[in-house]
Amino acid sequence: MDDILIWGSTQEEHDQRLTEVCKRLKNSGMTLNAKKCIFSQTSIKCLGHVIDGQGIHPDPDKIAAIENYQPPTNKKELKQLLGMANYLARFVPNYSDILFL
């Protein structure tokens, strides 16, 4: 297992959930690598998104990659660009209409 995200609407709730997850991991014989653990973050990058108290947002690095992509000159490059742009579809109202233009 690589990543475990634990969320709480308050620090206390987060800490309670963290304690419970640690107990369950221990009871299952699983251990954590302390060097890889990051606790009590208010914002994280996960699966190409930024998750914070306001919700889920596109990763600015992903947006920059799309903005800096050179105009496609062939079908393969167009497919690459569309694949990258589809990542933003859930964040852009009327994405399919805009794409059609």
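Numbering (the working numbering), first residue to last: 13 to 113. Glycine is no exception: its CB is placed at the ideal position from the N, C-alpha and C atoms. Please read all numbers here as calculations on a predicted model, not as lab measurements.
Measure the CB-CB distance between Ala76 and Met96 and report whether it falls below 9 Å. For Ala76 and Met96, no; Cβs fall outside 9 Å.
Tell me, please, whether the segment 27-42 touches the segment 76-91 by the rule of three or more beta-carbon pairs shorter than 8 Å. A contact is defined here as three or more CB-CB pairs under 8 Å, and the segment 27-42 fails this definition with respect to the segment 76-91.
CA-to-CA distance, Pro70 to Glu89, given in whole angstroms: Roughly 22 Å separates the two Cα atoms.
Roughly how many angstroms lie between the CA atoms of Asn106 and Ile63, to the nearest whole one? Looking at the two C-alpha atoms, the distance is approximately 23 Å.
Taking Cβ to Cβ, would you say Arg65 is nearer than 9 Å to Ser52? The residue you asked about is not Arg; residue 65 is Gly in the sequence shown. With respect to the 9 Å criterion, Gly65 and Ser52 are not classified as neighbours on the basis of their beta carbons.
Boundaries (first-last residue) of the alpha helix (DSSP H) holding Ile56: Judged by DSSP secondary structure, Ile56 falls outside any alpha helix (DSSP H) and instead within the beta strand (DSSP E) spanning 55-58.
Could you spell out the range, first to last residue, of the alpha helix (DSSP H) harbouring Val33? Bounds of the alpha helix (DSSP H) holding Val33 are 23-39.
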